[in-house]
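Engineer: Below: one structure in structure tokens.
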Amino acid sequence: MPPFPWDHVRSFLAVLEHGSLMAAARATGVSQPTLGRHISDLEASWQTVLFERTGRGLTPTAQATRLSEAAHAMARHAADLARLAGGAQRQLHGRVRLTASQPVACELLPPVLRGLRDAWPDIEVELVVSNSLSNLLKREADIALRMLRPTQTGLVARRIAEITIRACAHRDYLRRRGTPQTSADLLHHDLIAGDRNDEVTAGFAAQGLPTAGLRFGLRSDDLMAQWAAVQAGLGIGFIADYACRNQPEVSLLLPDMPLPRYPVWLTVHRELRTNARIRAVYDHLAKAVPQALG
Numbered sequence: 035m036p037p038f039p040w041d042h043v044r045s046f047l048a049v050l051e052h053g054s055l056m057a058a059a060r061a062t063g064v065s066q067p068t069l070g071r072h073i074s075d076l077e078a079s080w081q082t083v084l085f086e087r088t089g090r091g092l093t094p095t096a097q098a099t100r101l102s103e104a105a106h107a108m109a110r111h112a113a114d115l116a117r118l119a120g121g122a123q124r125q126l127h128g129r130v131r132l133t134a135s136q137p138v139a140c141e142l143l144p145p146v147l148r149g150l151r152d153a154w155p156d157i158e159v160e161l162v163v164s165n166s167l168s169n170l171l172k173r174e175a176d177i178a179l180r181m182l183r184p185t186q187t188g189l190v191a192r193r194i195a196e197i198t199i200r201a202c203a204h205r206d207y208l209r210r211r212g213t214p215q216t217s218a219d220l221l222h223h224d225l226i227a228g229d230r231n232d233e234v235t236a237g238f239a240a241q242g243l244p245t246a247g248l249r250f251g252l253r254s255d256d257l258m259a260q261w262a263a264v265q266a267g268l269g270i271g272f273i274a275d276y277a278c279r280n281q282p283e284v285s286l287l288l289p290d291m292p293l294p295r296y297p298v299w300l301t302v303h304r305e306l307r308t309n310a311r312i313r314a315v316y317d318h319l320a321k322a323v324p325q326a327l328g
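When we follow the numbering used here, the leftmost residue of the sequence shown carries the number 35, and every step to the right adds one.
Have a look at this one:
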């Protein structure tokens, strides 16, 4: 006997229960022609007549009544299988490796992960703190939060938010040195900026400001070192505004100064999206990170 699909058996049971193709279609949402085709296919496969066609609907034959017991047993087993599979997916426990840059991991994510812990206490997050792009394809991490969209095939990236960079300084520094009112005023201040990364210098040049006389309180490519220097009052830095908002002693400056805005990409391996615990963490981040960024 050739194999037959399970949906054909479901159609058989629906017609058996409701007595007509029309009633079964209303109950199941499957079209009448599809239900009729399923019944015909089963009759051909089983080499028996299942229903007598009458003006009042479909009347099951004696053979259909005998087969219905086995069909109902199949339905019960299918329901049990679905419950077992669903239960396995609902047991959200185990490890999820998340990678993010130092500033995001240290300043943005802790309250976000606290909320995740409250929602899913049996999920253990392994936080890979790195400014380099972890290779999700090689399973170095399950989920990534990055400012760059990945280009590798096999990854699914979703833009969930945007990070704004702001000029900022500790209030003690501003009391000593004064508060700049324009971008040009920064030429007379100590700046916190990168070392090999010269984005700040390039930014001044793009505004038509001289760069030869720029003064630096600290130069470091480590973003957390820059942030620590700002908090220590070493100068004016250019820091993600979410970090500044969490430090009341640090003031945001020059709201009209043109500074970069970086997209936040939430990335996961395509094959891992159906893993329940990874999906739970992914969905939580997609909702909580934009909220944390305001």
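Using N, Cα and C, we set each Cβ at its ideal position, and we do this for glycine too.
Using only the alpha-carbon positions, how far apart do P62 and I197 sit?
Structural biologist: Mapped onto the sequence shown, residue 62 falls at position 28. Mapped onto the sequence shown, residue 197 falls at position 163. Residue identity differs from the one stated: residue 62 is Thr in this sequence, not Pro. When rounded, the distance between both Cα atoms is 47 Å.
Engineer: Please list, in chain order, all residues of the same chain as L69 whose beta carbon is under 8 Å from its beta carbon, the five residues on each side excluded.
Structural biologist: Start at 1 with the first residue of the sequence shown, and residue 69 comes out as number 35. Once the five neighbours on either side are set aside, the close Cβ partners of L69 are S45, A48, V49, L55, A58, A59, T62.
Engineer: Does the count of Cβ pairs from the region 175-188 and the region 287-304 closer than 8 Å reach three?
Structural biologist: Yes: at least three Cβ pairs fall under 8 Å.
Engineer: Taking W154 as part of the beta strand (DSSP E), name the residues at either end of that continuous run.
Structural biologist: Walking along the sequence shown from the start, residue 154 turns up at place 120. Element bounds for W154: n/a, residue is neither H nor E.
Engineer: Where does the unbroken alpha helix (DSSP H) through A330 begin, and where does it stop?
Structural biologist: The first residue shown for the chain is 35 and the last is 328, placing residue 330 beyond what the model contains.
Engineer: Excluding the five sequence neighbours on either side, which residues of its own chain have a C-beta within less than 7 Å of the C-beta of A112, listed in chain order?
Structural biologist: Counting from one through the sequence shown, the residue named residue 112 turns up at place 78. Result list for A112: W40, in chain order.
Engineer: So what's W45 in DSSP terms, helix, strand or just coil?
Structural biologist: Within the sequence shown, residue 45 is the residue found at index 11, counting from 1. First, the amino acid is wrong: residue 45 is Ser here, not Trp. S45 falls in the helix class under three-state DSSP.
Engineer: Indicate the three-state DSSP secondary structure (helix, strand or coil) for R183 in the structure shown.
Structural biologist: Taking the sequence shown and counting its residues from 1, the one referred to as residue 183 is at position 149. Three-state DSSP puts R183 in coil, outside helix and strand.
Engineer: Can you tell me which of the three DSSP states S285 falls into?
Structural biologist: In the sequence shown, counting from the first residue as 1, residue 285 sits at position 251. Note: S285 maps to strand in three-state DSSP.
Engineer: Within this structure, are the beta carbons of G251 and L225 separated by less than 8 Å?
Structural biologist: To locate residue 251, count along the sequence shown from 1; it is residue 217. To locate residue 225, count along the sequence shown from 1; it is residue 191. Yes, the Cβ-Cβ distance between G251 and L225 is below 8 Å.
Engineer: Does the pairing of the region 261-272 with the region 180-196 give three or more beta-carbon distances under 8 Å?
Structural biologist: Contact between the region 261-272 and the region 180-196 is absent, because fewer than three Cβ pairs lie under 8 Å.
Engineer: In its own chain, which residues sit with a C-beta less than 7 Å from the C-beta of L208, not counting the 5 before and 5 after it?
Structural biologist: Taking the sequence shown and counting its residues from 1, one reaches residue 208 at position 174. Closer than 7 Å at the Cβ level, and outside the excluded window around L208, lie S285.
Engineer: Return the chain-ordered list of same chain residues with a C-beta closer than 7 Å to the C-beta of M291, the five sequence neighbours on each side being excluded.
Structural biologist: Taking the sequence shown and counting its residues from 1, one reaches residue 291 at position 257. Once the five neighbours on either side are set aside, the close Cβ partners of M291 are A201, S217.
Engineer: Comparing alpha-carbon positions, which option in A239, G188, Q281, I312 lies nearest L204?
Structural biologist: What you label residue 204 is simply residue 170 of the sequence shown in a count that begins at 1. The amino acid occupying residue 204 in the given sequence is His; Leu does not appear at that position. The shortest Cα separation from H204 among A239, G188, Q281, I312 belongs to Q281.
Engineer: Does the distance from the C-beta atom of G53 to that of R311 stay below 8 Å?
Structural biologist: Your numbering for residue 53 matches position 19 in the sequence shown. Your numbering for residue 311 matches position 277 in the sequence shown. Not closer than 8 Å, so no.
Engineer: Check whether the Cβ atoms of I329 and A274 sit closer than 8 Å, and answer yes or no.
Structural biologist: As displayed, the chain neither begins before 35 nor continues past 328, which places residue 329 out of reach and without an answer.
Engineer: Which of the three DSSP states, helix, strand or coil, is assigned to V163?
Structural biologist: Locating residue 163 in the sequence shown gives position 129, where the first residue counts as 1. In this structure, V163 counts as strand in the three-state DSSP scheme.
Engineer: Taking the alpha-carbon of T245 as reference, which of E233, S254, D256 has the nearest alpha-carbon?
Structural biologist: Residue mapping note: residue 245 aligns to position 211 of the sequence shown, counting from 1. That would be E233, whose Cα lies nearest to the Cα of T245.
Engineer: For the beta strand (DSSP E) containing C278, list its first residue and its last residue.
Structural biologist: Here residue 278 corresponds to residue number 244 of the sequence shown, with the count starting at 1. No beta strand (DSSP E) holds C278; the alpha helix (DSSP H) holding it covers 275-279.
Engineer: In this structure, does DSSP put T88 in helix, strand or coil?
Structural biologist: Indexing the sequence shown from 1 puts residue 88 at position 54. In the structure shown, T88 sits in a strand (DSSP, three-state: E or B).
Engineer: Alpha carbon to alpha carbon, what distance is there between V43 and L76?
Structural biologist: The count along the sequence shown starts at 1 and reaches residue 76 at position 42. The count along the sequence shown starts at 1 and reaches residue 43 at position 9. About 8 Å.
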